[in-house]
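**Q**
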Amino acid sequence: MTVLEDRIEMADANTERLDEWFERLERMPVPEGFRVEIVGGNVHMTPQRDTHWEIIRWIVRAIEDRFGMRVKVFSDVRIDFPGHENAFCPDVAKLKDSAKKEKGRWRYQDVEFVAEVISKGTGPNDYGPKKIAYAEAEVPVYIVADPYVGRCYVYTDPQDGDYEKRETFDFGTDIDLTGTVVDLILKTDDFPRD
């Protein structure tokens, strides 16, 4: 068995424990506007800032403009990814048209695109363990939008638990994703900086 297969099996084995954690978290008095996810067995709660939401909205809008309003695109919806106790709530996740829920949840195997917008407290997760988990799950396109530096990092071509290709785009530069499953040009002119 390969390391990648081991990690994928771990995602399935952790589901029950993650369900318990989220049931407890849902009963806690989490302030409105906070996002909760579990990365590598650690619970992270972060407030969503207006800059954060604006970038998410622009990305979702671009996907809806390209694929129509029936596209399966979500924000802050739990998806369990490979690795030790990874229950992520991606800022933006686009799923295959054929995606179906399994046991009430979306499967990571159906995720075609993920975008994360950096928050000060959880930025290292987006560049580290989440990037690794998305690559292991073979998510074809992963974008990190960083409003603190005004830049997007585009990761494509997942192979052997890592992304083979990384490109950098300053805010204001069009990101050409036409050769990918997303098949669009993402305009970043209106992405705000923090």
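If you want this note's numbering, it's the 1-based position in the sequence shown plus 828. Just so it is clear, CB atoms sit at the ideal spot from N, CA and C, and this is done for glycine as well. Values in this document were obtained by computation on a predicted structure and should not be read as measured data.
Below 8 Å between beta carbons: does that hold for valine 920 and valine 942?
**A** Cβ atoms of valine 920 and valine 942: closer than 8 Å.
**Q** Would you check if the segment 890-904 and the segment 987-1002 touch, i.e. whether three or more CB-CB distances between them fall below 8 Å?
**A** No, the segment 987-1002 is not in contact with the segment 890-904.
**Q** Between which residues of its own chain and valine 969 is the CB-CB distance below 8 Å, once the five residues before and five after are set aside?
**A** For valine 969, where only same-chain residues beyond five positions count, the Cβ hits under 8 Å are Glu940, Phe941, Val942, Val982, Tyr983, Thr984, Leu1005, Thr1008, Val1009, Val1010.
**Q** Whole angstroms are fine: how far does the CA of glycine 989 sit from the CA of isoleucine 946?
**A** The straight-line gap from Cα to Cα measures roughly 22 Å.
**Q** Tell me which residues share the same chain as aspartate 954 and place their Cβ nearer than 7 Å to its Cβ, disregarding the 5 neighbours each side in the sequence.
**A** Hits under 7 Å: Glu944, Ile946, Val972.
**Q** Just to confirm before moving on: does the CB-CB distance between arginine 1021 and glycine 978 stay below 8 Å?
**A** Taking 8 Å as the Cβ cut-off, arginine 1021 and glycine 978 qualify as a contacting pair.
**Q** Under the three-state reduction of DSSP, which class applies to threonine 984: helix, strand or coil?
**A** Three-state DSSP puts threonine 984 in a strand.
**Q** With a Cβ-Cβ cutoff of 8 Å, do aspartate 1002 and leucine 1014 count as a contact?
**A** Cβ atoms of aspartate 1002 and leucine 1014: closer than 8 Å.
**Q** Threonine 996 by DSSP, collapsed to three states: which one?
**A** If DSSP states are grouped into helix, strand and coil, threonine 996 belongs with the strands.
**Q** Which of the three DSSP states, helix, strand or coil, is assigned to tyrosine 976?
**A** Tyrosine 976 falls in the coil class under three-state DSSP.
**Q** Could you work out which residue in Asp908, Leu923, Lys924, Tyr991 is closest to cysteine 917 when comparing CA atoms only?
**A** It is Asp908.
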